[in-house]
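Colleague: First residue of the sequence shown? That's 556 in this note's numbering, and the numbers climb one at a time after it. Cβ atoms here follow ideal geometry from the backbone N, Cα and C, with glycine treated the same way. Can you read through this structure? Questions will come right after.
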Amino acid sequence: MDAVKERVISKSNHIKAKVKARTTSLESWVLPKQTSSFAPLGTWVNIDNDVTPLERQTWGGWSLVGYWMSDILSTQSWAGASAIISIGLTYREALVCLILGTSIIAIPLVLNGMVGARLHVPYAIASRSSFGYWFSRVPVVIRMVTALFWHSIQTYSGATAMTQVIRSIWPSYLLIPNNLPASAGITTQQMVSHLIFWLVQFPILLIPPHKLKSFFLFKAVFVTLAAVAMVIGLCVKAGGSGDIWDQQPRYTGSERSWLILYFMSSLTGSWATMATNVADYTRYMKSDRKVYLQALLMPGISTFIGVMGIIATSASRVVYGEYIWDPVQLTSRFDGPGGRAAAFFCGAAWCVAQIGVNVSANVISCANDMTSLCPKYINIRRGAIITTIIGAWVMVPWKIVSSAASLINFMSALAVFLAPIAALLATDYWVVSGRRIDVPALYRPMGRYRYWKGTNFRAVVALVVSLGPNMPGLIRNVDSSVYIGAAEKIYNFNYLWGFMSAAVVYAGLSWVFPVPEARVSREEMRAWEEERFAASLEGVDGERRGSDRSVEVEKVKVEEK
């Protein structure tokens, strides 16, 4: 008994000492340094922004299918095509926008996805070859801020689905008196839903990316079943699929054409974040050949969920007397014993859908970015915790949703920044570098990707040229009273302009002003691949020893220069 008591006291004292250290000393938060890293002494990295170890390269083709179903199956994707119809286009035109828009974004998804699958490095590290070792932090910060914002919005959106789950069990939940002031921007009941959803979501956010395969597959099956069940149930009640198929376009001529182009570009831009940092996920692939599946998965899954949304929206008018685009609002109309059971099932599915989007599109991305910026103190686990605390609470998402339309418009327009970033990553790997990247040099401040003081001016110029014509449209997107004239036409296809212009300018400048020391010869690449293959036969430790040898060779080269 005394021995047990001593162990309890010892454990308690250890916890107290650890808590005291964490609250009084920054050094207590320092992560173990990766002694097996490609980085030279003095440059801090940790396992989460190092090259993905062999034992973590666990994703296959089905993992990628589950991942994209997890990412695409959401309330936003459900309502996307239906929202286009509500503006005044027909379902045919909405589907054209959806299919073309997602097919276009599939191109950079494959191009940049291959970077992660072949190099096995995260987006923040891969961007150093095109932007330069230090300037690469700029696109990393842009992506990080975007991820924080959307995590905030998606979490609050998930809370509305959680409300439907709870009220399906306790209908009186909707009658909880509000004890919060109007200035809070949220009611007591909404705050409770937000807290419960966040608590359910939190442990899932802490799962390491290479272990998320099962969750992605679970979400894919669960949400698909719920979506199909909602559509079938509404069609049975409506006695058909409604009259949305007979809707005539409200616009004709060039106005109609520009609207189609605008919505197509908007749907392309809505996936701009993933096209930029898809390497954060494909780095876990066992084979790079499976990356090409994205060319089919993106338009295929998007079209499926979009069609489900259109059919349900059409049937909702027959059943409820109005078009209801939002699946959570549809769920809120399910009443009675059978209706409440359906509300529980569908509400839970949309909760899982929003959690999946947060995991796959926002939290892992933001955590990876934080890891690259502060590798000494932040790994993916800590980054996920920081991301969800800031996004779900510090940013006050209910305030953003209820009163900051201009901010939402601005953040939605960040595709104008992400398009050229994705273009530079793809162009550098496939065109300028000829798919030959010196991976160890990506981790060295004084390596071949230092360029001029850590900045590649070719990327900077391409970024500026791409952004310039889109800036008036971005301003008008925030303040609709601003007149920008013909510049609005360019903004209507902002992602296409941003991507193509940046790619052409960067490739052109790299051809006119080449950087020979930043290019890897075929002989060097072949030698490095042979060394890596030989090291892989020895196991992970052998691979790292081979990598350390290449680091030492490169250090000698730098010193000689």
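Exposed or buried, what is V914 when buried is set at 16 or more other beta-carbons lying within 10 Å of its beta-carbon?
Modeller: V914 comes out buried.
Colleague: Who are the Cβ neighbours of I879 in its own chain at under 6 Å, not counting the five residues just before and after it?
Modeller: Only S871, L885 meet the Cβ criterion.
Colleague: State yes or no: is the C-beta of Q744 within less than 8 Å of the C-beta of Q909?
Modeller: No. Outside cutoff.
Colleague: Are there 16 or more other CB atoms within 10 angstroms of the CB of V1060, so buried, or fewer, so exposed?
Modeller: Flag for V1060 reads buried.
Colleague: How big is the Cα-Cα spacing for W826 and I660?
Modeller: Rounded to the nearest angstrom, the two C-alpha atoms are 7 Å apart.
Colleague: Identify, in the order they occur along the chain, each residue of the same chain with its Cβ nearer than 8 Å to the Cβ of Y806, setting aside the five sequence neighbours on each side.
Modeller: So the qualifying residues of the chain are G643, L644, L814.
Colleague: In three-state terms, what does DSSP make of F689?
Modeller: The question names Phe, yet the displayed sequence has Trp at residue 689. The answer is coil: DSSP assigns W689 none of H, G, I, E or B.
Colleague: Between the region 938-946 and the region 699-708, are three or more C-beta pairs nearer than 8 Å?
Modeller: Touching, per the Cβ criterion.
Colleague: Counting along the chain, where does the alpha helix (DSSP H) carrying F593 start and finish?
Modeller: Segment: none, F593 is in no alpha helix (DSSP H) and carries neither H nor E.
Colleague: So, for D993: in the same chain, excluding its five sequence neighbours on each side, which residues have a beta-carbon less than 7 Å away from its beta-carbon?
Modeller: R1003, V1075, listed in sequence order.
Colleague: Would you kindly check if the distance between the Cβ of A702 and the Cβ of S920 is under 8 Å?
Modeller: In contact: S920 and A702 (Cβ atoms closer than 8 Å).
Colleague: Between which residues of its own chain and D626 is the CB-CB distance below 8 Å, once the five residues before and five after are set aside?
Modeller: If we look at D626 and ignore the five residues flanking it on each side, its Cβ neighbours are M829, G911, V912, S915, A916.
Colleague: Could you check the C-alpha separation between E1043 and S1021 for me, to the nearest Å?
Modeller: For E1043 and S1021, the distance between alpha carbons rounds to 15 Å.
Colleague: Helix, strand or coil: how does DSSP classify T1010 here?
Modeller: T1010 falls in the strand class under three-state DSSP.
Colleague: Counting pairs of Cβ atoms below 8 Å between the region 686-705 and the region 855-865, do you hit three or more?
Modeller: As far as the Cβ criterion goes, the region 686-705 does not touch the region 855-865, which means the pair count is below three.
Colleague: Within the continuous alpha helix (DSSP H) that includes C929, where are the two ends?
Modeller: First-last for C929: undefined, no H or E at that position.
Colleague: If contacts are defined as beta-carbon pairs under 8 Å, then T868 and L973 qualify, I think. What distance do you get, rounded to the angstrom?
Modeller: About 29 Å separates the two Cβ atoms, so there is no contact after all.
Colleague: D924: buried (16+ other C-beta within 10 angstroms of its C-beta) or exposed?
Modeller: D924 is buried by the Cβ-count criterion.
Colleague: Do S857 and S618 have their CB atoms nearer than 8 Å?
Modeller: Not a contact, by the Cβ cut-off of 8 Å.
Colleague: To which residues does DSSP link W953 through a beta bridge?
Modeller: Answer by DSSP bridge pairing: none, since W953 is not bridged.
Colleague: Going by C-alpha to C-alpha distance, which of G855, S641, P587 sits closest to Q803?
Modeller: With distances taken between Cα atoms, Q803 lies closest to S641.
Colleague: Please report the distance separating the alpha-carbon of E1079 from that of E1085.
Modeller: If you take the alpha carbons of E1079 and E1085, they lie about 10 Å apart.
Colleague: Just the Cα atoms here: how many angstroms apart are Y875 and F889?
Modeller: Roughly 10 Å separates the two Cα atoms.
Colleague: At what residues does the alpha helix (DSSP H) containing M669 begin and finish?
Modeller: First-last of the alpha helix (DSSP H) with M669: 646-674.
Colleague: Is L997 near the ligand GDP - that is, is its Cβ less than 7 Å away from at least one heavy atom of it?
Modeller: Ligands are entirely absent from the displayed structure, and the ligand GDP is therefore not among its contents.
Colleague: Should M717 go down as buried or exposed, given a rule of 16 or more other Cβ atoms within 10 Å for buried?
Modeller: So M717 ends up on the buried side.
Colleague: Helix or strand or just coil, what does DSSP make of W725?
Modeller: Residue state, collapsed to three classes: coil.
Colleague: Are S685 and L980 closer than 8 Å when you measure CB to CB?
Modeller: The answer is yes: Cβ separation under 8 Å.
Colleague: Quick check on V783: buried or exposed, where buried means 16 or more other Cβ atoms within 10 Å of its Cβ?
Modeller: With fewer than 16 Cβ atoms within 10 Å of its Cβ, V783 is classed as exposed.
Colleague: Using the C-alpha atoms, what's the distance from K768 back to L761?
Modeller: Between L761 and K768, the C-alpha separation is close to 14 Å.
Colleague: Quick one: Cα of A634 to Cα of L730, how far?
Modeller: Computed Cα separation, rounded: 28 Å.
Colleague: Buried or exposed: P677, going by 16 or more other Cβ atoms within 10 Å of its Cβ?
Modeller: That one is buried.
Colleague: Whose CA, out of G656, A781, A679, lies closest to the CA of L822?
Modeller: That would be G656, whose Cα lies nearest to the Cα of L822.
Colleague: On the DSSP bridge list, what partners appear for M840?
Modeller: Per DSSP, W614.
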